[in-house]
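Chemist: Structure in structure tokens, see below.
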Ligand code: F3S
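Numbering (this note's numbering), first residue to last: 464 to 880.
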């Protein structure tokens with residue numbers, strides 16, 4: 464692989480031990496995938512922020528102790544827990560200490576403490592065509608597809624190496640030729656009002672991920688008035704059911720203004736029609752385990768935006784959550800501050816909702832809570848919850864989550880009303 468002078472200096476240790484190790488790891492990755500050269504990235508989104516095992520903490524601390532400094536702006540994905548309101552979350556001491564160790568190693572290397580999995584809704588948002596290195600599956604799908612910046616799907620550790628060197632091997636979705644669609648998903652005629660229900664977007668994303676797998680696919684039939692939050696939920700769902708790093712919504716996303724551009728004048732290898740039956744089946748499969756009445760309702764996977772809080776407050780309408788039900792929402796510090804300024808935070812909390820920053824909804828401290836079943840408006844959460852936490856789960860819309868929490872009875876409305 465061709466290395467410029469800076470990369471060669473890093474590889475031979477002239478820029479310190481952290482840079483040497485990071486460049487060696489990225490070089491191995493490039494060789495493995497046959498990359499021809501290293502390229503500069505303008506920013507990094509680090510996914511290695513959850514405390515999972517000691518090895519992750521030790522890697523971050525070792526790089527920081529060796530003098531590693533982030534060469535480009537590096538924002539952080541959520542920690543395992545809320546680093547500010549950890550008492551409200553009943554975080555055990557050991558988990559808090561390990562999360563703090565990760566926090567201080569990243570801050571020592573110069574990270575921007577965004578602690579959010581929706582970095583495309585705040586902070587340093589890249590522009591169309593920018594080469595970046597992002598981790599976190601929903602964020603990768605969004606930044607590639609909706610913004611049109613270019614990143615591969617960076618795994619833990621490689622994201623930190625990219626931040627330290629400011630470079631990555633040129634491979635995968637960094638290259639224009641790998642960004643054209645291979646297959647086409649066409650939405651069969653659905654009633655127009657179906658697209659007014661925000662549930663449709665993550666459900667379509669879930670089916671899209673299952674069909675596309677790791678192939679770049681185009682989807683036809685999404686109306687032009689799709690919102691940023693709709694695109695967020697589609698990205699998160701697609702990247703949870705498939706290895707989706709890039710999708711094209713024809714007529715919506717920037718690399719697919721029309722079907723010809725989406726397929727770079729070629730033809731789809733395969734065309735799949737998404738039917739109403741497929742959507743019903745997806746909804747059914749997103750109920751996992753017996754869940755007669757949820758005792759945890761959790762929103763904000765990915766992190767809630769200001770607009771989603773405005774909608775939540777409208778649905779709550781000053782009513783109170785039934786006792787015995789925990790109603791949680793996860794968001795970023797920046798959004799938390801924004802809703803606080805608008806007095807939304809106080810009004811929502813008065814209903815009995817708990818709002819957490821920094822953390823990941825799937826990583827809540829299970830040992831501190833005896834939940835039996837969770838309900839969420841996130842397909843990604845519902846898809847992962849049972850396998851990752853052992854908690855039974857069901858997916859429905861935000862309004863259903865609110866009505867269930869207020870009434871104390873499971874309320875699921877039909878998508879086809
Ligand atoms: Fe974010 Fe955790 Fe969901 S990182 S996207 S809240 S699984």
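Using N, Cα and C, we set each Cβ at its ideal position, and we do this for glycine too.
No experiment lies behind these values; they were computed from the predicted model shown.
Is the beta carbon of residue 825 within less than 7 Å of some heavy atom of the ligand SAM?
Modeler: The ligand SAM is absent from the structure shown, which contains only the ligand F3S.
Chemist: Nearer than 7 Å: is that true of the beta carbon of residue 699 relative to any heavy atom of the ligand F3S?
Modeler: Under cutoff, so the answer is yes.
Chemist: How close, in whole Å, do the beta carbons of residue 698 and residue 604 come, if the pair is a contact with beta carbons under 8 Å?
Modeler: Yes, they are in contact, since the Cβ atoms of residue 698 and residue 604 sit about 4 Å apart, within 8 Å.
Chemist: Have a look at 766, 784, 709 and 551 and flag the residue whose alpha-carbon is nearest the alpha-carbon of residue 641.
Modeler: Selected option, being the one with the closest Cα: 709.
Chemist: Whole-angstrom Cβ separation of residue 869 and residue 784, contact assumed at under 8 Å?
Modeler: Right, their Cβ atoms sit about 6 Å apart.
Chemist: Is it buried or exposed for residue 474, if we count other Cβ within 10 angstroms and need 16 for buried?
Modeler: Buried, since its Cβ has 16 or more Cβ neighbours within 10 Å.
Chemist: So, for residue 591: in the same chain, excluding its five sequence neighbours on each side, which residues have a beta-carbon less than 8 Å away from its beta-carbon?
Modeler: Excluding residues within five positions, the ones whose Cβ falls inside 8 Å are 610, 611, 612 and 717.
Chemist: What does a CB cutoff of less than 7 Å around residue 536 pick up in its chain, not counting 5 residues either side in sequence?
Modeler: If we look at residue 536 and ignore the five residues flanking it on each side, its Cβ neighbours are 506, 575 and 587.
Chemist: Tell me whether residue 797, by its Cβ, gets closer than 7 Å to a heavy atom of the ligand F3S.
Modeler: Result no, Cβ not under 7 Å from the ligand F3S.
Chemist: Cβ of residue 601 versus every heavy atom of the ligand F3S: is any distance shorter than 7 Å?
Modeler: Checking every heavy atom of the ligand F3S against the Cβ of residue 601, one is found closer than 7 Å.
Chemist: Taking 7 Å as the cut-off, is the beta-carbon of residue 540 closer than that to any non-hydrogen atom of the ligand F3S?
Modeler: Yes, the ligand F3S has a heavy atom inside 7 Å of this Cβ.
Chemist: Taking 8 Å as the threshold, find out whether the segment 818-832 comes into contact with the segment 751-770 through three or more Cβ pairs.
Modeler: Touching, per the Cβ criterion.
Chemist: What is the DSSP secondary structure of residue 864, counted as helix, strand or coil?
Modeler: Three-state result, residue 864: helix.
Chemist: Does the Cβ of residue 652 have 16 or more other Cβ atoms within 10 Å, making it buried, or fewer, making it exposed?
Modeler: Per the 10 Å Cβ criterion, exposed.
Chemist: Would you identify the three-state DSSP class for residue 663, choosing helix, strand or coil?
Modeler: Helix, per DSSP.
Chemist: Just checking residue 582 against the ligand F3S - is the residue's beta carbon closer than 7 Å to any of the ligand's heavy atoms?
Modeler: Outside the cutoff, so no.
Chemist: Can you check whether the CB of residue 565 is closer than 8 Å to the CB of residue 514?
Modeler: Contact flag set, yes.
Chemist: Please report how far the alpha carbon of residue 848 lies from the alpha carbon of residue 768, in whole angstroms.
Modeler: Roughly 21 Å separates the two Cα atoms.
Chemist: Using three-state DSSP, classify residue 817 as helix, strand or coil.
Modeler: Strand, per DSSP.
Chemist: Determine, using beta carbons only, whether residue 816 and residue 836 come nearer to each other than 8 Å.
Modeler: No, they are not a contact pair.
Chemist: Going by DSSP, what residues sit across from residue 683 in a beta bridge?
Modeler: The partner list for residue 683 (beta bridge, DSSP) reads 649.
Chemist: Taking 8 Å as the threshold, find out whether the segment 792-804 comes into contact with the segment 724-731 through three or more Cβ pairs.
Modeler: Contact fails: fewer than three Cβ-Cβ distances are below 8 Å.
Chemist: Whole angstroms is fine: what's the gap from residue 492's alpha carbon to residue 630's?
Modeler: Cα to Cα, residue 492 sits roughly 12 Å from residue 630.
Chemist: Between the beta-carbon of residue 839 and the beta-carbon of residue 819, is there less than 8 Å?
Modeler: Not in contact: residue 839 and residue 819 (Cβ atoms no closer than 8 Å).
Chemist: With DSSP as the reference, identify every bridge partner of residue 575, one or two as the case may be.
Modeler: Bridge partners of residue 575: 538.
Chemist: Can you tell me which residues form a DSSP beta bridge with residue 836?
Modeler: Bridge partners of residue 836: 855.
Chemist: Tell me whether the beta-carbon of residue 757 lies closer than 8 Å to the beta-carbon of residue 867.
Modeler: A contact, by the Cβ cut-off of 8 Å.
Chemist: Would you say the beta carbon of residue 793 comes nearer than 7 Å to a heavy atom of the ligand F3S?
Modeler: Correct: residue 793 has its Cβ closer than 7 Å to the ligand F3S.
Chemist: Within the continuous alpha helix (DSSP H) that includes residue 496, where are the two ends?
Modeler: Run containing residue 496: none; DSSP gives neither H nor E here.
Chemist: Could you check what DSSP says for residue 807 in three-state terms: helix, strand or coil?
Modeler: In the structure shown, residue 807 sits in a helix (DSSP, three-state: H, G or I).
Chemist: Do the segment 529-547 and the segment 647-662 meet, that is, are 3 or more Cβ pairs less than 8 Å apart?
Modeler: Judged by Cβ distances under 8 Å, the segment 529-547 makes no contact with the segment 647-662, as fewer than three pairs qualify.
Chemist: When the Cα of residue 814 is compared with those of 788, 830 and 672, which residue comes out closest?
Modeler: Comparing Cα-Cα distances from residue 814 to each of 788, 830 and 672, the minimum goes to 788.
Chemist: Does the distance from the CB of residue 619 to the CB of residue 510 come in under 8 Å?
Modeler: Cβ distance < 8 Å, so residue 619 and residue 510 count as in contact.
Chemist: For residue 733, which three-state DSSP category applies?
Modeler: Strand at residue 733.
Chemist: I'd like to check one pair, residue 607 with residue 580: are the Cβ atoms closer than 8 Å?
Modeler: Against a cut-off of 8 Å, the Cβ pair of residue 607 and residue 580 comes out as no contact.
Chemist: Mark residue 751 as exposed unless 16 or more other C-beta atoms lie within 10 angstroms of its C-beta, in which case mark it buried.
Modeler: That one is buried.
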